[in-house]
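Asks:
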Amino acid sequence: MTFLRAAMTALSLITAVSSAHAQDITLTSHDGQVEISGNLLGFDGEFYRVDTQYGELTVDGSGVTCDGPACPNLTDFVAELTLSGASVMAETLLPTLIQGFAAKEGLTVTRTELAADRFQLSLHQDTRDAPLARFVLHVTNTDQGFGDLIAGEADIALALREIRDPEIAAARDAGLGDMTRARRSRVVALDALVPVVAPDNPLAQISPADLARVFSGAVTNWAELGGPDAPIAVHLPHTGSGVAQAVQDQLMKPSDAQFAETVIRHARGSDLVSAIARDPFAIGIATLAQANGLRALPLAGGCGHALRATRPAIKTEDYPLTLPMFLYLPQRRLPKIARQFLAYALGPEAQMVIRKAGFTDQSHEAVRIGLQGDRLANAITSGGSEVGLQELQRMVETLRPLSRLSLSFRFEPGSSRPDAQSRSNIQQLAQALEAGQYDGRKLVFVGFSDGDGPAESNARIALRRAQTVRNAVLAAVQTSVPDSVGISVEGFGEAMPLACDDTDWGRKANRRVEIWVR
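Each residue of the sequence shown is one higher than the last, beginning at 6 in my numbering.
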C-alpha cells in the first residue's frame, strides 16, 4: 500500500498539461497489487493526474502501467505550458527568457502564430524532430492572466501587480491553493512606471502631484505646467492592464484622485507609445522598457530633488514608481522542462538576458559611498533640522569603508510588512547567503526614516526596521549562516533623505532599509 499512500499524499502536486476531453484510464502498479481508475486530467511526462473515487490523485508514472484510450504516448511526450497576462511580459520578457533558456540547453526555438493575441514557441533538439516542449504565450493583460489561470486555461499568470482578494478566493475555490504563499509567486524582473512625452515636448520634469492632476482632468493645458498654450492629450493602458492598475494604486490613490473620462485608453503598451510619439502635446504612463522613442520625465519634488528611473534606482526602489513583474503559479506540479525553465529565469545566467531585453535585472551590485555624491548632498541640504553634524559624521564614518548593495527594503503603507519587491529581495539575499556569496564579508542592515516626528524617535524606528529585515532574511535562510559572515544593524533615522517629505511618495522613498557590505 506504499504506492497508494504516496499517491494520496501527492494531492498538492498537480500536473500542468490538460487534455481536451478527460477520458477513462486505469493505472496498475507493476506488481499488480494496486489499481486506480478514473478520468485522466493531465500528464506532465513523469506524473499522471487522475480524478478518482478517492479524489484527485497525482501518480508517479514510473511505478505504473496505463491502460485506456486516453493513455499518453510516453516516448513522444511533448511538455506544454501556457502563460497568459501582461502584454509587455508576454510579448518581450518571456520570449527573451525562453530563447536564453533554449540556448543554454542547446535547443532551437521555432515560433508559430496561433492568433492575433497568441503565439507558440516550440523547443527542439533538432528542428527536423518533434519538439520537446511548447510554450504558448497569450498576450493580454494582468486581469485576464489571473482569469485564465483560475479558469484552468493557463499554467502561469504574468502580472504587473500582486493578486487581489477576489482573485485569491477564486483561485482557492478552483483548487489552485493559497496564491499568497511564498512559492506561488516569483518576481522575475523589474520595471518602472514613467511619465512619457514626445521627444520634442518642452517639459523638463513633473511632480507626482501634477501628474495626478493631469490624469484626473484638473489640469488640461500645458501652460498650467509651464509649457505652451495647448490642450493636453492624456493616454493610459486599458483598465484591465497591470500598468493602469499600478498607476491607480501608486499615483492616483495617494492623491485621492480618479481618472478623467477623457483619458484615451490602449489595449497594448506599444499602441500607447506610438500614439504619444505622434503627438507633441500628449502625455501618458508607460513602463520604462516600453518607452523607446519617447522621453521619460523625471519625478520632481518640492524641495528640488528629481528622481530618474535608472536601473540602480529601480533596483533599490529609490525611484518610487517601481513595477515588479510577477509569475504566479498554481499549487500543482509543472512538467520537468518547465521547472528547469523557471529555475533558469530566476538564476544568475538569466540576469544579463533580462537586462539586454530592456528590463531591470535583480543581480546584486555594490556602489561605494564615494560615488553617491547626490545622496550625500541631499543629506546635508534636506536632512531634518534636528539631525546634527555629529550624527552626519557618524553615518559617514560608518558607511565610508562599505559599499551599498542594490537591495533595499521598503514597507507597505501603514504596515510593517515588506512590499512585494522587498519580499523578493529578502528571498534573494537569503539564497545568496546560502550559496556562500558573502562568506568572509560583513553585511550591515541600515535603517532610514522620513522626517515626520522627532529625530530621536525616527532613529529608533529606523533601527527597528533594520532589525526586522535582518530577522526576516535570517529566517528565510534554509541552512545556517557561516560564522565568517558578519551581520549587524544600524539606524540613522532621517539623516539621508532621498526625496522631499512633503508628499506621500517622498516619505515612502525615505522610509527604507539598505544593505551595506564590506
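C-beta atoms are modelled at their ideal positions from N, C-alpha and C, and glycine is treated no differently.
Since we're looking at a predicted model, the values are computed, not measured.
(1) Tell me the residue span of the alpha helix (DSSP H) that contains I342.
(2) Along the chain, where does the beta strand (DSSP E) containing T292 start, and where does it finish?
(3) Considering only their Cβ atoms, is the gap separating L326 from L230 smaller than 7 Å?
(4) Determine which residues share a DSSP beta bridge with H243 and list them.
(5) So, at 8 Å on beta carbons, what are the nonlocal neighbours of G441 in its own chain, with the 5 sequence-adjacent residues on each side left out?
(6) Between T292 and D196, how many whole angstroms is the CB-CB distance? I'm expecting something under 8 Å.
(7) DSSP three-state call for D234: helix, strand or coil?
(8) Q295 and A274 - do their beta-carbons sit closer together than 7 Å?
(9) Whole angstroms is fine: what's the gap from H26's alpha carbon to G352's?
(10) Are F364 and A194 close, meaning C-beta to C-beta below 7 Å?
(11) Buried or exposed for M357, going by 16 or more other Cβ atoms inside 10 Å?
(12) By the three-class DSSP mapping on this structure, what secondary structure does Q263 have?
(13) Can you list, in chain order, the residues of its chain whose CB lies under 6 Å from that of G232, leaving out five sequence neighbours each side?
(14) Decide yes or no for the touch test of the segment 321 to 340 against the segment 85 to 102: beta carbon pairs closer than 8 Å, at least 3 of them.
(15) Look at the alpha carbon of I431 and the alpha carbon of V372, and state the distance between them as a whole number of angstroms.
(16) Any idea if T87 is buried or exposed, counting beta-carbon neighbours within 10 angstroms, 16 or more meaning buried?
(17) Assign A162 to one of three DSSP states: helix, strand, or coil.
(18) Which runs of the alpha helix (DSSP H) spanning at least 4 residues fall entirely within the segment 75 to 112, listed in chain order?
(19) Run through the DSSP bridge pairs and tell me what H129 is partnered with.
(20) Use the C-beta contact count for A249: other C-beta atoms within 10 angstroms, 16 or more gives buried, fewer gives exposed.
(21) Between which two residues does the beta strand (DSSP E) harbouring R218 extend?
(22) Contact check, A84 vs L142 under 8 Å by CB: the rounded distance?
(23) Can you grab the Cα-Cα spacing for the pair R523 / D444, in whole Å?
(24) Would you check if the distance between the CB atom of V201 and the CB atom of A301 is smaller than 7 Å?
(25) Candidates G37, G43, Q38: which alpha carbon is nearest I30's?
(26) Could you tell me the boundaries of the beta strand (DSSP E) in which T31 lies?
(27) Cβ of A425 within 7 Å of Cβ of E167?
(28) For A135, which three-state DSSP category applies?
(29) Just mark N297 as buried or exposed, buried being the case when its beta carbon has 16 or more other beta carbons within 10 Å.
(30) Can you tell me whether W510 is buried or exposed, with buried defined as 16 or more other CB within 10 angstroms of its CB?
(31) For L299, collect the residues of the same chain with a Cβ closer than 8 Å to its Cβ; drop the 5 residues on either side in sequence, then sort them by chain order.
(32) At which residues does the alpha helix (DSSP H) containing R360 begin and terminate?
(33) Is it buried or exposed, D160, if we count other Cβ atoms within 10 angstroms and call 16 or more buried?
(34) Determine contact between the segment 101 to 109 and the segment 44 to 58, defined as no fewer than three beta-carbon pairs at a distance below 8 Å.
(35) Could you say if the segment 335 to 342 and the segment 213 to 226 meet the contact criterion of at least three C-beta pairs nearer than 8 Å?
(36) What is the C-beta distance between A355 and L102, in whole angstroms, given that I count them as a contact (C-beta under 8 Å)?
Replies: The relevant details are as follows:
(1) Residue range 341 to 350 is occupied by the alpha helix (DSSP H) that includes I342.
(2) T292 -> beta strand (DSSP E) spans 287 to 292.
(3) Not a contact, by the Cβ cut-off of 7 Å.
(4) Note: H243 sits in no beta bridge, so no partner.
(5) Excluding positions up to five away in sequence, the list reads P487.
(6) That pair is a contact at about 5 Å.
(7) DSSP places D234 in coil when its eight states are reduced to three.
(8) As written in the sequence, residue 274 is Gly, which differs from the Ala given in the question. Yes, these two residues count as a Cβ contact at 7 Å.
(9) Note that H26 scores a pLDDT of 40, beneath 50, so its modelled location is shaky; the value from the coordinates is reported in the next line. Going from the Cα of H26 to the Cα of G352 covers about 37 Å.
(10) Contact check for F364 against A194 passes: the beta carbons are separated by less than 7 Å.
(11) Residue burial is scored here from C-beta neighbours: M357 has fewer than 16 other C-beta atoms within 10 angstroms and is therefore classed as exposed.
(12) DSSP places Q263 in coil when its eight states are reduced to three.
(13) Taken in chain order, the residues that qualify are P207, L208.
(14) Between the segment 321 to 340 and the segment 85 to 102, the count of Cβ pairs shorter than 8 Å is three or higher; the stretches touch.
(15) Roughly 19 Å between the two C-alpha positions.
(16) Residue environment for T87: buried (at least 16 other C-beta atoms within 10 angstroms of its C-beta).
(17) Residue state, collapsed to three classes: strand.
(18) If you keep only unbroken alpha helix (DSSP H) runs of at least 4 residues inside the segment 75 to 112, you get 99 to 110.
(19) Its beta-bridge partners are T113.
(20) It is buried - the Cβ of A249 has at least 16 other Cβ atoms within 10 Å.
(21) Per DSSP, R218 belongs to no beta strand (DSSP E); it is in the alpha helix (DSSP H), 213 to 221.
(22) Contact between A84 and L142 is ruled out by a C-beta separation of about 15 Å, above the 8 Å threshold.
(23) So the alpha carbons of these two residues sit roughly 11 Å apart.
(24) Their beta carbons are under 7 Å apart, which means V201 touches A301 by this criterion.
(25) Nearest C-alpha to I30: G43.
(26) Residues 29 to 34.
(27) Yes. Within cutoff.
(28) Coil, per DSSP.
(29) Label assigned to N297: exposed.
(30) Of the other Cβ atoms in all chains shown, 16 or more fall within 10 Å of the Cβ of W510; this residue is therefore buried.
(31) V201, V202, A203, P204, V278, I281, A282, A291.
(32) From DSSP, the alpha helix (DSSP H) with R360 extends over 353 to 361.
(33) Burial call: buried.
(34) Touching, no, given that fewer than three Cβ pairs across the two stretches are closer than 8 Å.
(35) Because the criterion of three Cβ pairs below 8 Å is not met, the segment 335 to 342 and the segment 213 to 226 do not touch.
(36) Separation of the CB atoms of A355 and L102 is rounded to 6 Å, and the pair is thereby assigned contact status at 8 Å.
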